[in-house]
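Below is one structure; the comments refer to it alone.
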Ligand SMILES: Nc1nc2c(ncn2[C@@H]2O[C@H](COP(=O)(O)OP(=O)(O)OP(=O)(O)O)[C@@H](O)[C@H]2O)c(=O)[nH]1
Ligand SMILES: [Mg+2]
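Numbering (our numbering), first residue to last: 1 to 348.
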């Protein structure tokens, strides 16, 4: 692909579980499956059942990322503690549990601030990650094309930058690939500058690819064919539908975020008219805003579509929640006004 992305190819951008994560790492290598405690938070105005559903999903995200949940902990509290999110007492309880169960990492269902993450790691003596880090990790594993990899790396850097710390910080900053090894302030400054430079470079490269993509979609529009985008929750069956309608070979897998790169096929409708049909990246509840931001160019095809086929997995425990989550991402990217047809899948 002649888009100036060549130099990105071949680099891994994983961050999250395992040793030595980070952008310089080669292929993802999981020498063992980490043992995880998953933590849910039931705050005021939130019902426990919906948090349990989110936790169930978090477990399958963690599983997809390559680790095993060995215990689930729920904290009920009117509002999050600014310093430790769950409160110091609960954090100490989790530390004891982690020691007893030989746990490697604690993963939170909610986004932690950099400060909370830092404080929790001090109490836990091990990495504290949040849902965002897990999703970023899965995206990093599944990115195949230079553009996909660049988008994921950009999202990871945006997540890591505010979490960079010096002074020999030991946990996710080095082990999880969410920060970097930093023995002191100077190294920290150097790291930060290096990451900021990399962010700018990735943004430039992605902008160039975006321009290329815009050209393609302009050409499509000039062909007077309507454009239809398949959207929906991850694993709902979007790629399956594209393959069926367009006799195509998009990757279909019982895996979250199997598709990251859009795939467009031209198909002829029974009336003889041709349309462009595009399969897109799936959405999820609490989709990290860094990812939405980084995947903007990829998601242009959704914004510019004449119609959205919104695929819904009706075998799921709460399809309504998934529909709302998808609609909220559509709003966020500016596609809230595009006409939508709901397609109920997995009715078998
Ligand atoms: N039972 C059943 N399974 C289905 C149906 N459609 C798709 N699947 C399965 O659901 C899983 C996910 O299908 P995909 O087409 O990869 O889903 P996707 O929406 O593209 O998923 P991502 O790209 O990962 O977001 C696969 O194992 C499919 O075989 C259906 O109608 N019934
Ligand atoms: Mg897919």
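Cβ atoms here follow ideal geometry from the backbone N, Cα and C, with glycine treated the same way.
query, result
"Bounding residues of the alpha helix (DSSP H) (the contiguous stretch that carries residue 90)", "88-101"
"Whole-angstrom distance between residue 323 and residue 347, CA atom to CA atom", "16 Å"
"Three or more C-beta pairs below 8 Å linking the stretch 282-295 and the stretch 263-273", "no"
"Sequence ranges, alpha helix (DSSP H) only - wholly within the stretch 271-322, length at least 4", "289-294, 296-303"
"Contact test: residue 235 Cβ vs ligand 1 heavy atom, cutoff 7 Å", "yes"
"Beta carbon proximity, residue 241 to chain D, threshold 8 Å", "The chain labelled as chain D is not found in the depicted structure, where only one protein chain is given."
"Residue 346: CB within 7 Å of a non-hydrogen atom of ligand 2", "no"
"CB of residue 38 within 8 Å of CB of residue 59, strictly", "yes"
"Separation of residue 115 from residue 191, as counted between CA atoms", "19 Å"
"Residue 257 CB to nearest heavy atom of ligand 1 below 7 Å", "yes"
"heavy atom of ligand 2 below 7 Å from residue 239 C-beta", "yes"
"Any non-hydrogen atom of ligand 1 within 7 Å of residue 66 CB", "no"
"Proximity below 8 Å, CB of residue 57 to CB of residue 40", "no"
"Contact test: residue 261 Cβ vs ligand 2 heavy atom, cutoff 7 Å", "no"
"Nearest-angstrom beta carbon gap, residue 61 and residue 256 [assumed within contact, 8 Å]", "6 Å"
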